[in-house]
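Top to bottom, those sequences are chains W and S.
Counting from 1, one number per residue, gives the positions in the first sequence under the numbering used here.
Counting from 1, one number per residue, gives the positions in the second sequence under the numbering used here.
A quick write-up on the structure given underneath.
Protein chains: 2
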Amino acid sequence: MTSVAATRRSRITPEREAELYDAVLQLLREVGYDALTMDAVAAGTHSSKATLYRQWGSKPELVARALKHGRPGAARGVADTGSLRGDLRDAIVHAFDDCRIEQDAALMRGVGRAAHDNPELLRALRELLIEPSIADLRVMLDRAVRRGEIRSDNPALDLVPHMLVGALISRELIDGHAATQDFLATYLDAVVLPALRA
Amino acid sequence: MTSVAATRRSRITPEREAELYDAVLQLLREVGYDALTMDAVAAGTHSSKATLYRQWGSKPELVARALKHGRPGAARGVADTGSLRGDLRDAIVHAFDDCRIEQDAALMRGVGRAAHDNPELLRALRELLIEPSIADLRVMLDRAVRRGEIRSDNPALDLVPHMLVGALISRELIDGHAATQDFLATYLDAVVLPALRA
């Protein structure tokens, strides 16, 4: 995910890029992925379609980058609070804002649904959102192993992404409402940390 | 989910009912929920639409009952193997057939997507599939508490449905392929039982 796209994007200012991403997210919330057109993005941001395609290559790439931009705390790195529990709680607080969680869940559900029928969108989402989140998690877990909080051969180590993503998704299916920060913090203490024996 | 529907359904034989459900599942796999029509079900099963509506009331109800019928091991109850680990492994083996898991996952994904936009379908799925599965799980967990395998105040007790449903769904999102029996058995030993301290 480096050279070509990075070179392309460097032609516009970061402020202009942020403005474009915000407009894409707004359109996604209003009309959903399928009905979002590059024409509408161009019109809403006073850009030309040619510029959009030159900068981002495709609609899936533009949407995935807008979602990455819109993730609160995306570019802040992984805080070292001194313990795995502290690191994970800090990540939850910065990744999920309860005031926005319902709205964001609806947005991600719509995009997730679209990705099932669109391999290019799925690839962009994995590359720009899922894999970097798993990498961040890996940093925290490696640190906890080095601190001596977790044994390096604990079989739950590779399953932490499944636990957290699973908690986030299953909450709505099972209980009919989106996961909150409180629910995720409870899940952390009741499931994730005991499974890691941390 | 008792009297009215039960009375309605009692007018056809169990064999005929099973045949109808199989035809509905076949159509679901072929065309998906949205494109499935009561006309197509009627034509494919040599029934009249009036009969279908009299027996099941609506398309969501018919589809949810067909899915319940198609769940392997649905009506077998909850085996008592003597331990929570045995009970849960037995449930996994009977609920998921690896040869069908990809096909079933695609089917359930399609129906799940349709349910997001269709509250009546969501209600039928919750009532006929999700809630009975959670009730089965509760039977196993209560038994494990009585056996002394789990403390009754363990905070993970209420989160077992989220762990299992989460493992099932997140596997594909994170690793790009459906959960298998082996994956679920590993998850059970690495996450569910340690969280329960069982």
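Yeah, the Cβ is synthetic: ideal placement off N, Cα and C, and Gly gets one too.
These numbers come from a predicted model, not from an experiment.
Pairwise C-alpha distance: residue j and residue i
i: G32 of chain S; j: V24 of chain S; result: 10 angstroms
i: N154 of chain W; j: D189 of chain S; result: 11 angstroms
i: R143 of chain S; j: A195 of chain W; result: 22 angstroms
i: F183 of chain W; j: I169 of chain W; result: 12 angstroms
i: S3 of chain W; j: L125 of chain W; result: Low confidence applies here, because S3 of chain W scores a pLDDT of 45, under 50, leaving its location unreliable and the question unanswered by this model.
i: R197 of chain W; j: T81 of chain S; result: 27 angstroms
i: L36 of chain S; j: G57 of chain S; result: 16 angstroms
i: L157 of chain W; j: E149 of chain S; result: 24 angstroms
i: L193 of chain S; j: L159 of chain S; result: 12 angstroms
i: T186 of chain S; j: V145 of chain W; result: 21 angstroms
i: D34 of chain W; j: L52 of chain S; result: 34 angstroms
i: E127 of chain W; j: Y21 of chain S; result: 40 angstroms
i: N118 of chain W; j: R11 of chain S; result: 44 angstroms
i: D175 of chain W; j: D104 of chain W; result: 18 angstroms
i: S133 of chain W; j: V41 of chain W; result: 27 angstroms
i: V165 of chain W; j: G166 of chain S; result: 7 angstroms
i: S83 of chain S; j: A135 of chain S; result: 18 angstroms
i: G44 of chain S; j: Q26 of chain S; result: 10 angstroms
i: S48 of chain W; j: A178 of chain W; result: 37 angstroms
i: A50 of chain S; j: R171 of chain W; result: 38 angstroms
i: R14 of chain S; j: E120 of chain S; result: Here residue 14 of chain S turns out to be Pro, not Arg, going by the sequence shown. So the alpha carbons of these two residues sit roughly 25 angstroms apart.
i: G70 of chain S; j: R151 of chain W; result: 42 angstroms
i: R147 of chain W; j: R147 of chain S; result: 37 angstroms
Cβ shell of residue i (< 6 angstroms), same chain only, five flanking positions each side left out
i: L88 of chain S; result: L188
i: A79 of chain S; result: D90
i: M1 of chain S; result: Interpretation of M1 of chain S is limited by its pLDDT of 44, a score under 50 that renders its predicted location unreliable; no figure is taken from the coordinates.
Proximal residues to residue i (C-beta, below 7 angstroms), its chain only, five neighbours per side dropped
i: Q181 of chain S; result: I92, V93, F96, D98
i: V191 of chain W; result: M163
i: L122 of chain S; result: A115
Among the options, the one whose alpha carbon lies nearest that of residue i
i: R85 of chain S; options: S:L121, S:P132, S:S48, S:L141; result: S:L141
i: V63 of chain W; options: W:E131, W:A115, W:P14; result: W:A115
i: A106 of chain W; options: W:H69, W:L173, W:L159; result: W:L173
i: A66 of chain S; options: S:E17, S:S47, S:H46; result: S:E17
i: P161 of chain W; options: W:P119, W:S152, W:R138; result: W:R138
i: H46 of chain S; options: S:E19, S:P132, S:R113, S:E131; result: S:E19
i: P60 of chain W; options: W:G112, W:E30, W:D136; result: W:G112
i: E30 of chain W; options: W:A50, W:K68, W:M108, W:H69; result: W:M108
i: I130 of chain S; options: S:A179, S:K68, S:K49; result: S:K68
i: R54 of chain W; options: W:A178, W:G44, W:M38; result: W:M38
Beta-carbon proximity list for residue i, same chain, < 8 angstroms, skipping 5 on both sides
i: G110 of chain W; result: L28, G32, Y33
- Message: Output needed in chain order: residues of the stretch 154 to 167 of chain S with a Cβ under 7 angstroms from some Cβ in chain W.
- Response: Residues of the stretch 154 to 167 of chain S that bring their beta carbon within less than 7 angstroms of a beta carbon in chain W comprise P155, A156, L159, P161, H162, M163, V165, G166, A167, in sequence order.
- Message: So if I threshold CB-CB distances at 8 angstroms, which residues from the stretch 60 to 72 of chain S count as touching chain W?
- Response: Those residues of the stretch 60 to 72 of chain S that come within reach of chain W (Cβ to Cβ, closer than 8 angstroms) do not exist; the list is empty.
- Residues of the stretch 103 to 116 of chain S whose Cβ lies closer than 7 angstroms to any Cβ of chain W, in chain order: Hits within the stretch, in order: R109, R113, H116.
- Members of the stretch 14 to 36 of chain W that neighbour chain S once the beta carbon cut-off is set at 7 angstroms: Closer than 7 angstroms at the C-beta level to chain S, one finds no residue of the stretch 14 to 36 of chain W.
- Identify each residue in the stretch 177 to 191 of chain S for which the Cβ-Cβ distance to at least one residue of chain W is less than 8 angstroms, and report them in chain order. Listed by position, the residues of the stretch 177 to 191 of chain S near chain W (Cβ gap below 8 angstroms) are T186, Y187, D189, A190, V191.
- Contact residues within the stretch 138 to 153 of chain S, judged by C-beta distance below 8 angstroms to chain W: In summary, no residue of the stretch 138 to 153 of chain S has a CB separated from any CB of chain W by less than 8 angstroms.
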